[in-house]
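In UniProt numbering, the protein residues as written are 1 to 136.
We treat Cβ as the ideally placed atom computed from N, Cα and C, and that holds for glycine.
One structure below.
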């Protein structure tokens, strides 16, 4: 069993499809919706955590993409310019998910993308604007 996070962006015509139901029923994938922005008749975005066998998740992602829904791994949508970071720790104060932490042995910032819930609070917290998140 593995866990992976994906950002899904879907067009207006796919809003009435029960694709999460099919992921559970047909592919035996556990789903955790971490963030959702849905605009009926326009577009929508979801951050999903999928848990299951690797081959089932791969088949489920293929199913999603076959319905013209973009599906990308979360880590491809988050950018942190680590080389420019001054390790001030401002972002850790707002990161309730625990994705941003300070390493207590060397006091350098650590970013665990697998814990990120795309709340985007780190963006205004960073004085150097080193975070970019493409959720939409």
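Pull up the CB-CB distance for residue i and residue j, whole angstroms please, since I reckon it's below 8 Å.
i: residue 35; j: residue 47; result: 4 Å
i: residue 5; j: residue 109; result: That pair is no contact at about 20 Å.
Give me, in chain order, the residues of the same chain whose beta-carbon lies closer than 8 Å to that of residue i; leave out the 5 immediate sequence neighbours on both sides.
i: residue 29; result: 23, 50, 51, 52, 56, 57, 60
Does DSSP classify residue i as helix, strand or coil?
i: residue 105; result: coil
i: residue 123; result: helix
i: residue 29; result: coil
i: residue 129; result: coil
i: residue 78; result: strand
For residue i, which residues from the same chain have a beta carbon less than 6 Å from its beta carbon, with the 5 sequence-adjacent residues on both sides left out?
i: residue 123; result: 131
i: residue 112; result: 99
i: residue 77; result: 7, 134
Looking only at its chain, what residues have a beta carbon closer than 7 Å to the beta carbon of residue i, apart from the 5 residues adjacent to it on each side?
i: residue 149; result: Here the chain covers residues 1 to 136 and nothing more, so residue 149 does not appear.
Which ranges does the beta strand (DSSP E) cover as unbroken runs of at least 3 residues, wholly within the stretch 41-79, from first to last along the chain? As far as the stretch 41-79 is concerned, its whole beta strand (DSSP E) runs of at least 3 residues are 43-52, 70-73.
When the Cβ atoms of the stretch 64-74 are set against those of the stretch 6-20, are three or more pairs found closer than 8 Å? Result yes; three or more Cβ-Cβ pairs closer than 8 Å.
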